[in-house]
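Note sheet for the following structure.
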Amino acid sequence: MIPLSLPDWFRMFLVVNLSVVFAVTLYYSVRGYRRMPRHRAAPFIFRCSVCGHVYVDRRNVPMSECGKCGAMNESIKSF
Ligand SMILES: [Zn+2]
Numbered sequence: 189m190i191p192l193s194l195p196d197w198f199r200m201f202l203v204v205n206l207s208v209v210f211a212v213t214l215y216y217s218v219r220g221y222r223r224m225p226r227h228r229a230a231p232f233i234f235r236c237s238v239c240g241h242v243y244v245d246r247r248n249v250p251m252s253e254c255g256k257c258g259a260m261n262e263s264i265k266s267f
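Residue numbers (the numbering used here): 189 to 267.
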């Protein structure tokens, strides 16, 4: 069998390329992990029983005050 010896410049080229690929992979995986979107609170939809005004409240409350007439209303739907 013929002994294969890689030239030094080729070995260096290979090591540098693999290092760059490894560094980029590491960088993007860490970046992607850090940039995970936070779960936003689903908006709650309210319909006023007095004036019929439909509005949204992002707070997780069972009842919300109508912006027009001030009556307290229960949530009708949340996503
Ligand atoms: Zn109202």
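Think of the CB as a built atom: it goes at the ideal place given N, C-alpha and C, for glycine as much as any other residue.
Looking at the structure shown, is residue i part of a helix, part of a strand, or coil, going by DSSP?
i: R235; result: strand
i: N248; result: coil
i: P207; result: In the sequence on display, residue 207 carries Ser and not Pro. S207 falls in the helix class under three-state DSSP.
i: S263; result: strand
If you check the beta carbons only, do residue i and residue j fall under 8 angstroms apart?
i: P231; j: R219; result: no
i: I268; j: K256; result: In the structure as shown, the chain starts at 189 and stops at 267, and residue 268 therefore has no counterpart that could be examined.
i: V244; j: C254; result: no
Residues bridged to residue i by DSSP?
i: V242; result: R235
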